[in-house]
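Peer 1: Those protein sequence lines, which keep their order, are chains A and B.
Residue numbers for the first sequence follow our numbering, beginning at 34 and rising by one.
Residue numbers for the second sequence follow our numbering, beginning at 210 and rising by one.
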Amino acid sequence: MNVDKAIATQADNGRGIRDLMGLLALPALWLGKDGRTVLQLMAQAVERLVPLRFSVIEASILDGEAPSAFIRIDGADAASAALPAWHAASLQWPRTSNIAASGSEHQPTPIGPMRIIRLEFGVSTLGGGAWFGSDAPDFPTFTQLAVLRAAASLAATGLQAARMAHQRAEADRLKDEFLAMLGHELRNPLAPIRAGASLWQSEHVTSEQIRRTGAIMERQVQHMTHLVDDLLDVSRLSTGGVTLDNAVLDLREVARLALEQSRSQVDAKHHALLIDLPAEPCPVLGDRERLVQIVVNLLNNAVRYTPPGGRITLAIRTTPSTVGVAVRDSGIGIEAGMLAKIFDWFTQVERSTERSDAGLGVGLALARRLVDLHGGTLRAASAGLGQGSEFEMLLPRAAAPAAPVEEPAEHASAVFTGLKVLVVDDNQDAGTTMGMLLEALGHTATVVHHPYAALELATELQPDVFLLDIGLPAIDGYELARRLRALPGLRPFRMVALTGFGQAKDQHTAFEAGFDFHCTKPVDIEVLSAIFANIVASLRTERAAG
Amino acid sequence: MNRLSLAGTELNYFHVCAFFNSRDEEYAVLSPFFKEAVDQGEKNLHIVNPEHSANHRQRLGQAGIDVPHCESCGQLEVLEWQQAYLDETGGFNKDKMLATVDHLTGAGRDAGYARLRIMGDMGWVFTEIPGAADILEYEAEVNEVLERNKQPAVCVYDVAKLSGAMMMDLLRTHPLTLVGGVVQENPFYTPPREMLEELRARKQG
Chain A
34 MNVDKAIATQ ADNGRGIRDL MGLLALPALW LGKDGRTVLQ LMAQAVERLV PLRFSVIEAS
94 ILDGEAPSAF IRIDGADAAS AALPAWHAAS LQWPRTSNIA ASGSEHQPTP IGPMRIIRLE
154 FGVSTLGGGA WFGSDAPDFP TFTQLAVLRA AASLAATGLQ AARMAHQRAE ADRLKDEFLA
214 MLGHELRNPL APIRAGASLW QSEHVTSEQI RRTGAIMERQ VQHMTHLVDD LLDVSRLSTG
274 GVTLDNAVLD LREVARLALE QSRSQVDAKH HALLIDLPAE PCPVLGDRER LVQIVVNLLN
334 NAVRYTPPGG RITLAIRTTP STVGVAVRDS GIGIEAGMLA KIFDWFTQVE RSTERSDAGL
394 GVGLALARRL VDLHGGTLRA ASAGLGQGSE FEMLLPRAAA PAAPVEEPAE HASAVFTGLK
454 VLVVDDNQDA GTTMGMLLEA LGHTATVVHH PYAALELATE LQPDVFLLDI GLPAIDGYEL
514 ARRLRALPGL RPFRMVALTG FGQAKDQHTA FEAGFDFHCT KPVDIEVLSA IFANIVASLR
574 TERAAG
Chain B
210 MNRLSLAGTE LNYFHVCAFF NSRDEEYAVL SPFFKEAVDQ GEKNLHIVNP EHSANHRQRL
270 GQAGIDVPHC ESCGQLEVLE WQQAYLDETG GFNKDKMLAT VDHLTGAGRD AGYARLRIMG
330 DMGWVFTEIP GAADILEYEA EVNEVLERNK QPAVCVYDVA KLSGAMMMDL LRTHPLTLVG
390 GVVQENPFYT PPREMLEELR ARKQG
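1) Give a yes or no on whether the minimum CB-CB distance between LEU215 (chain A) and chain B is below 8 Å.
2) Ignore the nearest five residues each way along the sequence and tell me which others in PRO339 (chain B)'s own chain have a CB closer than 6 Å to its CB.
3) So, does the segment 353–369 of chain B touch the segment 319–330 of chain B, judging by three or more C-beta pairs under 8 Å?
4) Do VAL336 (chain A) and SER295 (chain A) count as a contact pair if the criterion is CB distance below 8 Å?
5) If I measure Cβ to Cβ from PRO222 (chain A) and keep anything under 8 Å in the same chain, skipping five residues before and after, which residues do I get?
6) Excluding five sequence neighbours on each side, which residues of the same chain lie with their C-beta closer than 6 Å to the C-beta of ALA305 (chain A)?
7) Taking its Cβ as the centre, do 16 or more other Cβ atoms sit within 10 Å of GLY49 (chain A), making it buried, or is it exposed?
8) I'd like to check one pair, VAL281 (chain A) with PRO311 (chain A): are the Cβ atoms closer than 8 Å?
9) Check for me: the alpha helix (DSSP H) holding SER271 (chain A) runs from which residue to which?
10) Between the C-alpha atoms of GLY161 (chain A) and PHE376 (chain A), what's the straight-line distance to the nearest angstrom?
11) What runs of the alpha helix (DSSP H), each 4 residues or longer, lie entirely inside the segment 161–249 of chain A?
12) Examine the Cβ distances between the segment 373–382 of chain B and the segment 71–82 of chain A and report whether three or more of them are shorter than 8 Å.
13) Taking C-alpha atoms, which residue in A:ILE144, A:GLY166 and A:GLY145 lies nearest to LEU152 (chain A)?
14) Mind listing which residues of the segment 70–83 of chain A have their C-beta closer than 9 Å to chain B's C-betas, in chain order?
15) Using only the alpha-carbon positions, how far apart do SER214 (chain B) and LEU264 (chain A) sit?
16) Go through the segment 234–312 of chain B residue by residue and report every complete run of the beta strand (DSSP E) that reaches 3 residues or more, in order.
17) So the candidates are A:GLU251, A:GLY274, A:THR466 and A:ALA111; which of them puts its Cα closest to the Cα of ARG402 (chain A)?
18) Can you list, in chain order, the residues of the segment 253–281 of chain B whose Cβ is nearer than 8 Å to any Cβ on chain A?
19) Give every residue of the same chain whose Cβ lies closer than 8 Å to the Cβ of ALA185 (chain A), excluding the five residues on either side of it in the sequence, and list them in chain order.
20) Taking all protein chains shown into account, do 16 or more other C-beta atoms lie within 10 angstroms of the C-beta of MET528 (chain A), making it buried, or fewer, making it exposed?
21) Tell me the rounded alpha-carbon separation between GLU353 (chain B) and THR382 (chain B).
22) In angstroms with no decimal places, state the Cα-to-Cα distance between LEU53 (chain A) and ILE94 (chain A).
23) Start and end of the alpha helix (DSSP H) containing VAL329 (chain A)?
24) Cβ closer than 7 Å: which chain A residues qualify as neighbours of LEU371 (chain B)?
25) Mapping DSSP to helix, strand and coil, what is ARG402 (chain B)?
26) Under 8 Å by Cβ, that's how I've got PRO496 (chain A) and VAL454 (chain A) pegged, so tell me the actual separation to the nearest angstrom.
27) Which chain A residues are close to ARG381 (chain B), counting only those with a beta carbon under 9 Å from its beta carbon?
28) Helix, strand or coil for ASN279 (chain A)? Go by DSSP, reduced to three states.
29) Which one or two residues does DSSP pair with PRO100 (chain A) in a beta bridge?
30) Applying a beta-carbon distance threshold of less than 8 Å, which residues of chain B neighbour LEU187 (chain A)?
31) Beta-carbon within less than 8 Å of LEU355 (chain B)'s beta-carbon, same chain only, minus the 5 sequence neighbours each way: which residues are those?
32) Note down, in chain order, every chain A residue with its Cβ under 9 Å from the Cβ of ASN230 (chain B).
33) In this structure, does DSSP put GLU138 (chain A) in helix, strand or coil?
34) Between which two residues does the beta strand (DSSP E) carrying ASP367 (chain B) extend?
35) Express the C-alpha separation of PHE499 (chain A) and CYS211 (chain A) in angstroms, rounding to a whole number.
36) Helix, strand or coil for ILE144 (chain A), going by three-state DSSP, please let me know.
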């Protein structure tokens with residue numbers, strides 16, 4: 034190497050380091066910018082450092098989005114009309130020349146033959162890259178390549194940051210919408226409950242009014258309970274707290290149970306319901322309660338997004354390896370862009386301002402995650418707005434035959450009556466109404482509001498059942514249960530825990546403390562009746578045995 | 210000699226390119242620089258967007274500077290764009306501005322003050338003002354003036370308005386940068402003669 038060349042190389046290297054240092058200031062421009070702007074700023078900046086004739090930048094600006102491209106030619110943005118010609122030309126260019134490309138051939142471009150290099154933004158993460166081209170005979174020099182690589186790397190990081198910022202903003206927006214919706218959804222049922230309570234306090238209320246408002250209040254409480262259950266499921270699924278009670282089931286039975294639960298909603302909107310179940314068993318391994326919940330979600334979703342008088346079809350489809358349930362509706366359909374988001378938490382399809390049955394936007398997300406837990410898939414399809422939609426759950430076919438479905442236990446409260454119950458609840462209203470309910474079911478209820486009162490009264494009262502709230506003053510329900518179990522002089526009895534904590538560990542704690550049953554508030558009257566029927570039967574057997 | 214610090218860094222050059230994302234960030238970083246001048250008996254000369262001059266005074270007051278007093282005694286001079294950068298026709302005259310800066314920081318400097326600290330809001334560069342395209346030549350040439358007169362000047366740019374190319378060019382014309390609240394000697398700084406040659410070549414190209 035002669036001296037002049039050595040000096041020139043040294044100067045070029047010095048300039049290269051200087052340019053690289055300049056590039057490091059570039060990310061300061063990116064704060065608050067979207068991914069496309071980040072890439073544009075990078076392309077503009079690099080033109081000041083490298084004698085480029087063109088840049089073709091292509092990348093997925095948002096996660097999951099199709100790649101989009103923009104082109105700069107001779108220091109200016111190219112018109113979008115130029116894109117097809119550049120895209121067609123780029124298909125012919127070599128994509129492996131991101132190492133020093135000295136000696137590479139000129140490639141054809143719409144502005145003439147150019148020397149070209151391709152730099153990737155990260156195939157697995159961003160799925161895009163940049164073509165840079167110049168007609169300089171030595172393009173790219175070692176220094177130019179270093180600058181372009183640094184620029185592409187910085188832009189890839191900036192694009193990633195912009196995507197994450199967008200996702201954060203989107204999550205914030207969805208959370209805010211969700212909180213607003215939650216307030217709305219919880220407030221709605223409160224209005225009829227409050228009105229009913231006021232009516233009951235009126236001097237002129239008739240027994241017919243009490244019956245009708247009682248039914249309304251029952252429905253509204255049931256609605257609120259479903260909302261709260263969904264929210265708890267969101268929490269459990271987010272923390273991995275859902276465990277499946279798996280058994281081999283016949284998916285036809287799951288479908289029938291779900292149809293029973295959704296029938297009233299379908300009928301209320303006068304939808305035609307078509308059911309297509311195969312004659313042969315459809316065995317799957319799964320949790321009956323959860324699978325029913327999934328199908329109910331799909332059916333209720335179809336009901337919600339189909340105008341009155343629509344058509345809903347539930348069909349079971351089988352292959353040698355899978356068993357699936359498909360719910361199709363003739364409703365408002367789903368835009369293509371929305372299909373990818375529809376299983377995200379708190380996402381709802383845009384609809385009219387009528388929000389009486391809007392829900393929380395968690396149903397499909399819950400369903401998808403529960404299906405995932407079963408090793409299956411849940412897919413949505415729609416030909417577009419106004420074209421209806423179809424949701425299909427596919428599960429692996431189980432090898433073993435399905436066990437017969439247990440019929441729900443009879444809970445004839447008229448037969449299983451006469452229990453002596455001691456209710457312990459520090460919430461006076463809750464305790465009093467529970468006492469009234471038990472009386473109405475044919476039992477004798479005594480209500481106390483402090484655990485010590487229960488301990489004092491227990492021996493004298495000799496209850497058949499202790500119905501204990503868990504959140505009590507002085508000692509909690511678990512400790513009260515332990516002390517009652519240790520109390521001498523009591524005849525055989527049963528204990529029922531009444532709690533707002535419904536997770537598996539809460540049940541475990543209750544049983545450890547000596548409870549026989551665990552009920553999550555608010556207690557469904559049918560559940561309570563079933564528990565009391567069970568208690569009557571078991572106490573009868575136990576006492577008869579001596 | 211008095212201390213000359215910006216964002217916690219002692220300045221060893223006199224021409225700073227400051228990029229800010231918001232006015233709050235701008236004043237959080239620059240107010241101590243202004244206050245240091247007042248406390249040391251130096252003079253502040255600020256060239257501001259006319260739309261912001263009242264707010265500028267208010268923010269200086271919030272930073273603990275007695276604005277009315279400093280203005281009445283001449284320790285603070287707040288000029289609007291048309292009083293400094295722009296000539297009587299409303300355009301930017303590079304040579305006239307260079308002469309003004311030379312006068313203010315050199316022979317015409319108020320001898321009562323140990324130093325003059327200039328802050329210029331450069332937002333006018335992004336408007337349709339005639340001559341604004343000469344800003345890079347001005348930024349390159351003013352280095353020699355400030356270095357010769359040993360008086361500091363901070364050119365304030367709003368990041369939201371910059372293109373990638375403009376940022377690269379501005380970085381090359383300032384020996385010190387203030388990015389993300391950090392002052393750094395700028396290795397990207399290009400000697401004015403080299404920069405001016407490149408700018409001339411661009412014009413011809």
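Note that beta-carbon positions come from the ideal geometry of N, C-alpha and C, so glycine has one too.
Computed from a predicted model, the values in this text were never measured in an experiment.
Peer 2: On the basis of the data shown:
1) Residue 215 (chain A) sits at position 182 when you count from the first residue of the first sequence. False, the Cβ-Cβ gap to chain B never drops below 8 Å.
2) As a position in the second sequence, residue 339 (chain B) is number 130, starting the count at 1. In chain order, GLY300 place their CB closer than 6 Å to the CB of PRO339 (chain B), counting only its own chain and leaving out the 5 sequence neighbours on each side.
3) Segments in contact, yes.
4) In the first sequence, residue 295 (chain A) corresponds to position 262, counting from 1. In the first sequence, residue 336 (chain A) corresponds to position 303, counting from 1. Yes, Cβ-Cβ distance for SER295 (chain A) and VAL336 (chain A) is below 8 Å.
5) To locate residue 222 (chain A), count along the first sequence from 1; it is residue 189. The residues are GLN253, VAL254, HIS256 and MET257.
6) As a working mapping, residue 305 (chain A) is identified with position 272 in the first sequence. By the criterion of a C-beta distance shorter than 6 Å, ALA305 (chain A) is surrounded in its chain by ARG344, once the five residues flanking it on both sides are discounted.
7) Taking the first residue of the first sequence as position 1, residue 49 (chain A) is located at position 16. By the 10 Å Cβ count, GLY49 (chain A) comes out buried.
8) Start at 1 with the first residue of the first sequence, and residue 311 (chain A) comes out as number 278. Start at 1 with the first residue of the first sequence, and residue 281 (chain A) comes out as number 248. Note that the C-beta distance between PRO311 (chain A) and VAL281 (chain A) is not below 8 Å.
9) The sequence position of residue 271 (chain A) within the first sequence is 238, counting from 1. 240–271 is the extent of the alpha helix (DSSP H) around SER271 (chain A).
10) Numbered from its first residue, the first sequence carries residue 161 (chain A) at position 128. Numbered from its first residue, the first sequence carries residue 376 (chain A) at position 343. C-alpha of GLY161 (chain A) to C-alpha of PHE376 (chain A): approximately 26 Å in a straight line.
11) The alpha helix (DSSP H) runs of length 4 or more contained entirely in the segment 161–249 of chain A are, from start to end of the chain, 175–234.
12) Contact holds: three or more Cβ-Cβ distances are below 8 Å.
13) One-based indexing of the first sequence puts residue 152 (chain A) at position 119. Residue A:GLY166 is the option with its Cα nearest to LEU152 (chain A).
14) Answer in chain order: GLN73, LEU74, MET75, ALA76, GLN77, ALA78, VAL79, GLU80, ARG81 and LEU82.
15) As a first step, residue 214 (chain B) must be located in the second sequence, where it is residue number 5. As a first step, residue 264 (chain A) must be located in the first sequence, where it is residue number 231. When rounded, the separation of the alpha-carbon atoms in SER214 (chain B) and LEU264 (chain A) is 55 Å.
16) When DSSP assignments are scanned along the segment 234–312 of chain B, the uninterrupted stretches of beta strand (DSSP E) that are 3 or more residues long and fall wholly within it turn out to be 252–257 and 285–289.
17) Residue mapping note: residue 402 (chain A) aligns to position 369 of the first sequence, counting from 1. Of the listed residues, the one whose Cα sits closest to ARG402 (chain A) is A:GLY274.
18) So the list is empty, because no residue satisfies the distance condition.
19) Taking the first sequence and counting its residues from 1, the one referred to as residue 185 (chain A) is at position 152. Excluding positions up to five away in sequence, the list reads MET75, LEU152, GLU153, PHE154, GLY162 and ALA163.
20) As a first step, residue 528 (chain A) must be located in the first sequence, where it is residue number 495. Here MET528 (chain A) is buried. Its C-beta has 16 or more other C-beta atoms within 10 Å.
21) One-based indexing of the second sequence puts residue 353 (chain B) at position 144. One-based indexing of the second sequence puts residue 382 (chain B) at position 173. When the Cα atoms are used, GLU353 (chain B) and THR382 (chain B) turn out to be separated by approximately 11 Å.
22) Translated into positions along the first sequence, residue 53 (chain A) becomes position 20. Translated into positions along the first sequence, residue 94 (chain A) becomes position 61. For LEU53 (chain A) and ILE94 (chain A), the distance between alpha carbons rounds to 25 Å.
23) Locating residue 329 (chain A) in the first sequence gives position 296, where the first residue counts as 1. VAL329 (chain A) -> alpha helix (DSSP H) spans 321–337.
24) Here the question's residue 371 (chain B) lines up with position 162 in the second sequence. Neighbours of LEU371 (chain B) in chain A, taken as residues whose beta carbon is under 7 Å from its own, are LEU62 in chain order.
25) Looking up residue 402 (chain B) in the second sequence gives position 193. Per DSSP, reduced to three states, the secondary structure at ARG402 (chain B) is helical.
26) For this step, residue 496 (chain A) is matched to residue 463 along the first sequence. For this step, residue 454 (chain A) is matched to residue 421 along the first sequence. Confirmed, about 6 Å.
27) The residue given as residue 381 (chain B) occupies position 172 in the second sequence. For ARG381 (chain B), the C-beta contacts it makes with chain A under 9 Å involve ARG51, GLY55 and ARG81, in order along the chain.
28) For this step, residue 279 (chain A) is matched to residue 246 along the first sequence. Looking at ASN279 (chain A) - three-state DSSP - the assignment turns out to be strand.
29) Locating residue 100 (chain A) in the first sequence gives position 67, counting from the first residue. Per DSSP, none; premise fails for PRO100 (chain A).
30) By one-based count along the first sequence, residue 187 (chain A) stands at place 154. The contacting residues do not exist; LEU187 (chain A) stays about 11 Å from chain B at best.
31) Here the question's residue 355 (chain B) lines up with position 146 in the second sequence. Taken in chain order, the residues that qualify are PHE223, HIS224, VAL310, THR314, PRO361 and ALA362.
32) Sequence index remark: in the second sequence, residue 230 (chain B) carries index 21 (1-based). Result: ALA61, LEU64 and GLY65.
33) Mapped onto the first sequence, residue 138 (chain A) falls at position 105. Looking at GLU138 (chain A) - three-state DSSP - the assignment turns out to be coil, as it is neither helix nor strand.
34) The residue labelled residue 367 (chain B) in the question sits at position 158 within the second sequence. Residues 362–367.
35) To locate residue 211 (chain A), count along the first sequence from 1; it is residue 178. To locate residue 499 (chain A), count along the first sequence from 1; it is residue 466. First, the residue type needs correcting, since residue 211 (chain A) is Phe and not Cys in the sequence shown. C-alpha separation (whole angstroms): 39 Å.
36) One-based indexing of the first sequence puts residue 144 (chain A) at position 111. The three-state reading of DSSP puts ILE144 (chain A) in coil, since its state is none of H, G, I, E or B.
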